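Residue numbers (my numbering): 1 to 319. Where a beta carbon is used, it is the ideal one built from N, C-alpha and C, also for glycine. Computed from a predicted model, the values in this text were never measured in an experiment. Heads up: the structure comes next, in structure tokens.
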Amino acid sequence: MQYSFGVFGALIVLGVIVYYYFQKKGGVSGPTFNGSGTPALNSFSRDFTELARKDKMDPVIGRDQEIDQLAIILSRRTKNNALLIGEAGVGKTTIVEGLAQNIIGRKIPAVLNNKRVLALDLNALVAGTKYRGEFESRIKRMLEEIERSQRNIILFIDEFHNVLAMEDSGESLSVGDILKPAMARGELQVIGATTPLEYEKYLQADPALRRRLQPLFVREPSEQETLRILRGIKNKYEEFHEVKIADLALQKCVEQSKKIFPDRAFPDKAIDLMDEAASKVKLMAVKKASKRAISVQARDIIGVASQYAGTINIRESEI
1 MQYSFGVFGA LIVLGVIVYY YFQKKGGVSG PTFNGSGTPA LNSFSRDFTE LARKDKMDPV
61 IGRDQEIDQL AIILSRRTKN NALLIGEAGV GKTTIVEGLA QNIIGRKIPA VLNNKRVLAL
121 DLNALVAGTK YRGEFESRIK RMLEEIERSQ RNIILFIDEF HNVLAMEDSG ESLSVGDILK
181 PAMARGELQV IGATTPLEYE KYLQADPALR RRLQPLFVRE PSEQETLRIL RGIKNKYEEF
241 HEVKIADLAL QKCVEQSKKI FPDRAFPDKA IDLMDEAASK VKLMAVKKAS KRAISVQARD
301 IIGVASQYAG TINIRESEI
């Protein structure tokens, strides 16, 4: 019995050593993914890594290069904050979602293992605050939670220019003044997202902040790339709407959205058209009490596109 106890004791010790070794190397998902120690952050953000873990995100198609470059920036020893610059609708948020999926899938450098990617909701952060001290208190609580988490949190701030716009408007809510020192000390790791126009307007005038943010330009995908994206995510929309979407319908989404939304970017406008058409086809089938398999065809896309075009023409005539 004494020999047996010694063997089991040695195994337990060995197990603990192996666990902490891989925890240090990033090979085991540890408590850093647990949001129990970050109540303030949880209140004002969405946990992309947790959504990725639960497979609640759409697949990310054709953005490997941008996701890899983002991982490279975040893995730097210094100046490891990123700013995604691209027109609205090109897929900046999707790239961050792809990063979260790669973290869960262990497809990133070890330094990023166990990181939580939290998308900050600025509107929720501001909501209900009447006084400057109240707002600052929220920000500081969040920063304290990030520090206590051993800096294993990456904060994603969409429309990052709003951080500076709040200061520029003369309001007392100065998010940037609070965040910049933390970024300078390496206590806060950020991914921002903005448009080229807002970058020129707000960030060009702040060289200190620009130095801490590595720019990553996100181009608009081509028509063929957009079609690949639609093919890659259509099953999520089929499951949601309980329909089948024909491949020709996807092609029409690209073609028609280009015509009726010339001022919007791919892939967002094509995805919108697919979603709208699937929703309409489902509704029509429910109204008819049809028990047949519901399918979204090219004609359905054209019909919805025509409705959009008519609405746009009416709006333009009213201007």
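C-alpha distance - residue i paired with residue j, whole-angstrom precision
i, j, result
"Arg106", "Lys115", "11 Å"
"Ser172", "Ser295", "Note on Ser172: pLDDT 49, under 50, position unreliable in the model; the coordinate value appears next. If I take the Cα positions, the gap works out to 53 Å."
"Asp247", "Val254", "11 Å"
"Arg53", "Ile95", "16 Å"
"Pro31", "Asp47", "Since pLDDT at Pro31 reaches only 36, below the 50 mark, its modelled position is unreliable, and no value is offered."
"Leu261", "Arg185", "It is Phe, not Leu, that sits at residue 261 in the sequence shown. So the two alpha carbons sit approximately 44 Å from each other."
"Val218", "Gln65", "10 Å"
"Ala265", "Val60", "17 Å"
"Ser169", "Val126", "Reliability of the predicted coordinates at Ser169 is poor, the pLDDT of 49 falling under 50, and the value obtained from them is presented with this limitation in mind. Between Ser169 and Val126, the C-alpha separation is close to 15 Å."
"Ala193", "Asp158", "5 Å"
"Lys252", "Phe240", "20 Å"
"Ser29", "Tyr131", "Note that Ser29 scores 42 on pLDDT, short of 50, meaning its location in the model is unreliable and no value can be drawn from it."
"Val286", "Leu250", "23 Å"
"Asn113", "Ile245", "37 Å"
"Glu136", "Phe160", "18 Å"
"Thr322", "Lys269", "There is no way to answer for residue 322, as the model of the chain reaches only from 1 to 319."
"Gly133", "Lys79", "29 Å"
"Ser149", "Pro39", "12 Å"
"Val243", "Leu51", "24 Å"
"Asp263", "Leu164", "26 Å"
"Ala305", "Gln297", "13 Å"
"Ala309", "Arg299", "15 Å"
Option nearest residue i by Cα separation, candidates the options
i, options, result
"Lys180", "Glu198, Asn42, Ile67 and Leu143", "Leu143"
"Met57", "Gly232, Lys288, Ala298 and Gly176", "Gly232"
"Gln69", "Ala82, Lys291 and Ala265", "Ala82"
"Leu197", "His241, Leu213, Thr311 and Asn162", "Asn162"
"Arg63", "Arg228, Asn113 and Glu159", "Arg228"
"Arg176", "Pro221, Leu122 and Pro109", "For the record, residue 176 in the displayed sequence is Gly; it is not Arg. The residue with the shortest Cα to Cα distance from Gly176 is Leu122."
"Ser36", "Val111, Glu145 and Lys259", "Glu145"
"Ile191", "Ala110, Ile302 and Gln214", "Gln214"
"Ala277", "Ala293, Ile301, Lys291 and Pro267", "Ile301"
"Ile72", "Tyr199, Lys234 and Ala110", "Ala110"
"Leu74", "Arg151, Asp55 and Leu51", "Arg151"
"Glu357", "Asn42, Leu84, Arg76 and Arg77", "Any property of residue 357 remains undetermined from this structure, which presents the chain solely from 1 to 319."
"Leu41", "Glu97, Ala124, Glu200 and Arg76", "Ala124"
Whole-Å CB distance - residue i paired with residue j, under 8 Å assumed
i, j, result
"Leu188", "Leu155", "7 Å"
"Leu283", "Gln256", "The pair is not a contact, with the Cβ atoms about 20 Å apart (cut-off 8 Å)."
"Thr49", "Ile103", "6 Å"
"Lys258", "Glu223", "7 Å"
Test item: CB-CB of residue i and residue j under 8 Å
i, j, result
"Tyr237", "Asp275", "yes"
"Thr195", "Ala88", "yes"
"Met183", "Arg210", "no"
"Phe44", "Leu99", "no"
"Ile118", "Ile67", "Per the sequence shown, the amino acid found at residue 118 is Leu instead of Ile. Contact flag unset, no."
"Arg138", "Thr129", "yes"
"Ile271", "Leu230", "yes"
"Pro267", "Gly86", "no"
heavy atom of the ligand FMN below 7 Å from residue i C-beta
i, result
"Ala184", "In terms of ligand content, the structure shown is empty, and the ligand FMN therefore cannot be addressed."
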